[in-house]
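Take a look at the structure below.
There are 2 protein chains.
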Amino acid sequence: MTAPPPAVSVRFSINQMTVKQLSLPGLVEACVRLGVRGVGLWREPVARYGLDATAKLVRDAGVEVTSLCRGGFLTAADAAGRAAAIADNRAAIDEAATLGTDTLVLVSGGLPPGSKDLAGARERIADALSSLAPYAASRGVRLAIEPLHPMFASDRCVVSTLDQALAIAERFPASQVGVVVDTYHVWWDDRAPAAVARAGAAGRIHAFQLADWVTPLPAGVLNGRGQLGDGSVDLARWRSLVDAAGYPGPIEVELFNDALWAGDGVALLEETVRRFGEVLA
Amino acid sequence: MTAPPPAVSVRFSINQMTVKQLSLPGLVEACVRLGVRGVGLWREPVARYGLDATAKLVRDAGVEVTSLCRGGFLTAADAAGRAAAIADNRAAIDEAATLGTDTLVLVSGGLPPGSKDLAGARERIADALSSLAPYAASRGVRLAIEPLHPMFASDRCVVSTLDQALAIAERFPASQVGVVVDTYHVWWDDRAPAAVARAGAAGRIHAFQLADWVTPLPAGVLNGRGQLGDGSVDLARWRSLVDAAGYPGPIEVELFNDALWAGDGVALLEETVRRFGEVLA
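Heads up: the sequence lines are chains A and B, in that order.
The numbering of the first sequence is the numbering used here, which starts it at 1267 and goes up by one.
The numbering of the second sequence is the numbering used here, which starts it at 1267 and goes up by one.
Laid out in structure tokens, this is it:
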């Protein structure tokens, strides 16, 4: 006799990067077996498996795609770079629509080489969204600006706080542009709870993601996200804040962690489901 | 014939950690030879050389001690830990007075083991300062709360922004408690310029430190501070902001960088003087 699988919250969603050692069929099969109803997908592995094949795989399995990562990288200062970014983001919007998700996560991009102008880069993001947001709406897709931790401000995302993300999103209808609340990126920010409330009241929380904060950070700081409960983030509090803001949607767990990736993917998914139940109880 | 030494701004100060490969006599000798008028010292190397011997060394050389690093680590939740921290900070205040500097830099401390309560930790800092600030004033020393980059929030400093630092400092007279503006820690923060203006107007900028932001960050993220001009920070703009806020004091360069420490310390000091002149011009 094996232990029964843990009960899975209907709101739990597993971001594909958390268990990137799994193939797409392996991930979907494990979701079905464990009762996980949602997955967040990434463009690169979807492209490798095939966009239409992925759409059929999840549809046939009855697994919901809760978000697609990622569009963005909209900070190029030159015309060619900006045109390429717009084209790539339109393609990402089309992919999201094909996969049946209404949410495209945007990682906005860092400073162009040699630039020190954060404010200018943030303004170029807003400028690019003025053409992308209506296009996304025409495909039934909402754009979700994800503030990344300030340690990524130079090379990955000049949008570092929920307040900054909202300052851009609020230029557009809430049905077109909102924000991602990711605990890993905002947990340290004493202004973030008020921003969560403001975003929720306006219907602008388009995604909610969980990861814990653990140290020491690894070189490059990208793949050091902690399993739920292993770190310093009061995850139950953040879930309460986001719930209180009126967000009823999926809660994705998105971990980038070399140590977790080195193990078995299905066991990691089961452990993540278990931790989710424990820390959010 | 050797090249003449670069002209050195009267406001330039070299933080000892930037050239930690130098002994204290080596550092002071290089400062005198190059015309560097100020040094920021650290308690540990001062203790190794001897507190009184260090005070005599800098006094005899006519070099000003612009700050002492560091007090702080005031977030312990247990009575014994808090008492030990108070005692250690009183000792640090005494050392600052002996060295003839009016500024003790505070790195406030991270979360206690197992704690997820950032707000509570910040409150304990303010509580500790209510006894330390008057004592410091009685010794002619001002306490300078240094917000550290949010990537240090869990394990080193729960005070992550200038606004947070000011929220604590403003409970005390400006002559007793102020803040450190360090470009490495605040450069990403769109609210920091307003905080600099507010701090300056109240006479609460007690120290101004420079370092550049470079990536990729090394493991542990402590020793990746960039030489002036090598990174993403618009240092000239920050100097203008701090000047415009009415701060007339020393500008310390504080780099923690394994690659820079591997080279010759005097050459590094000369290069830092040169960069300071270039990037702040």
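In this text, a Cβ means the ideal position worked out from N, Cα and C, and glycines have one as well.
Treat the numbers as computed from the prediction; the structure is a model and nothing was measured.
Chain-ordered neighbours of residue i on chain B, where CB pairs are closer than 8 angstroms
i        : result
L1483(A) : M1417, L1483, A1485, G1486, V1487
Where residue i meets chain B, residues with beta-carbon distance less than 9 angstroms
i        : result
D1421(A) : T1481, P1482, S1498
D1456(A) : L1384, A1385, R1388, S1426, T1427, D1429, Q1430, A1433
Proximal residues of chain A, C-beta to C-beta of residue i below 8 angstroms
i        : result
W1504(B) : By Cβ distance, chain A contributes nothing, its closest Cβ being about 10 angstroms from W1504(B), past 8 angstroms.
L1377(B) : S1498
Inter-residue spacing [alpha-carbon to alpha-carbon] between residue i and residue j
i        : j        : result
C1423(B) : S1374(B) : 5 angstroms
T1341(A) : P1378(A) : 7 angstroms
A1346(A) : M1417(A) : 28 angstroms
S1289(A) : V1545(A) : 27 angstroms
F1278(B) : P1516(B) : 6 angstroms
A1460(B) : W1453(A) : 23 angstroms
A1465(A) : A1511(A) : 8 angstroms
L1414(B) : S1426(B) : 5 angstroms
G1486(A) : R1325(B) : 43 angstroms
N1489(B) : V1508(A) : 36 angstroms
G1338(B) : L1372(B) : 4 angstroms
A1528(A) : Q1287(A) : 8 angstroms
A1502(A) : H1472(A) : 19 angstroms
D1344(B) : S1381(B) : 12 angstroms
L1298(A) : A1327(A) : It should be noted that the sequence gives Val, not Leu, for residue 1298(A). Whole-angstrom Cα-Cα distance: 7 angstroms.
T1215(B) : T1481(A) : Past the boundaries of the shown model lies residue 1215(B); chain B is included only from 1267 to 1547, so the question cannot be answered.
I1434(B) : N1355(B) : 17 angstroms
F1474(A) : R1390(B) : 31 angstroms
G1306(B) : L1432(B) : 22 angstroms
P1484(B) : D1478(A) : 20 angstroms
P1514(B) : L1521(B) : 22 angstroms
S1498(A) : L1526(B) : 32 angstroms
V1294(A) : A1321(A) : 11 angstroms
Same chain only: Cβ atoms within 7 angstroms of residue i, ignoring 5 sequence neighbours per side
i        : result
G1469(B) : A1440
A1319(B) : none
R1541(A) : Q1493, L1494, G1495
L1300(A) : P1271, V1274, L1535, E1536, V1539
L1317(B) : E1361, T1364
Own chain, CB closer than 8 angstroms to residue i, minus 5 neighbours either side, in chain order
i        : result
V1407(B) : I1359, A1362, A1363, T1367, D1368, T1369, L1370
L1428(B) : P1413, V1445, V1447, V1452, D1455, R1457, A1458, A1461, V1462, A1465
A1467(A) : A1511, G1512
D1530(B) : Q1287
Proximity winner among the options, relative to residue i (alpha-carbon distances)
i        : options                                : result
P1311(A) : G1292(A), A1343(A), H1451(A)           : G1292(A)
Q1430(B) : T1449(B), A1458(B), S1420(B), W1454(B) : A1458(B)
A1463(B) : L1476(B), N1523(B), V1445(B)           : V1445(B)
L1365(B) : R1390(B), G1304(B), A1351(B)           : G1304(B)
V1285(A) : R1437(A), S1333(A), D1524(A)           : D1524(A)
A1349(A) : A1467(A), D1448(A), L1398(A)           : L1398(A)
D1456(B) : G1380(A), R1491(A), V1302(A), G1386(A) : G1386(A)
Q1442(B) : P1400(B), K1322(B), G1531(B), I1280(B) : P1400(B)
L1395(B) : L1317(B), D1383(B), R1437(B), V1302(B) : R1437(B)
V1329(A) : G1337(A), R1314(A), Q1282(A), G1529(A) : Q1282(A)
A1392(A) : I1352(A), G1380(A), S1420(A), R1405(A) : I1352(A)
G1376(B) : C1335(B), A1419(B), A1357(B), R1336(B) : A1419(B)
D1383(B) : L1476(B), R1491(B), D1421(B)           : D1421(B)
R1309(B) : C1335(B), T1449(B), V1276(B)           : C1335(B)
Contacting residues, own chain, Cβ-Cβ under 6 angstroms from residue i (five flanking each side not counted)
i        : result
R1388(B) : V1424
M1267(A) : For M1267(A), the predicted structure reports a pLDDT of 45, less than 50, and the residue's modelled location is therefore unreliable. A value from the coordinates is still provided. Cβ within range, chain order: n/a, list empty.
A1402(B) : I1359, L1409
T1538(A) : V1519
D1500(A) : none
R1405(A) : I1359, A1363
A1617(A) : This structure cannot speak to residue 1617(A), because chain A is shown only from 1267 to 1547.
Limits of the beta strand (DSSP E) - the one that residue i falls within
i        : result
E1389(A) : Looking at the DSSP string, E1389(A) is not in any beta strand (DSSP E); the run it does join, the alpha helix (DSSP H), is 1384-1404.
H1472(B) : 1471-1476
N1355(A) : Segment 1345-1365 is the alpha helix (DSSP H) holding N1355(A); no beta strand (DSSP E) there.
T1320(A) : Here T1320(A) belongs to no beta strand (DSSP E); instead the alpha helix (DSSP H) covers 1317-1327.
A1410(A) : 1408-1411
V1447(A) : 1443-1448
S1279(A) : 1278-1281
Segment limits, alpha helix (DSSP H) that includes residue i
i        : result
V1532(A) : 1531-1545
S1506(A) : 1501-1510
C1297(A) : 1290-1300
L1307(A) : Taken as a continuous stretch (DSSP letters only), L1307(A) belongs to no alpha helix (DSSP H), being part of the beta strand (DSSP E) at 1304-1308.
G1466(B) : 1458-1467
L1432(B) : 1428-1435
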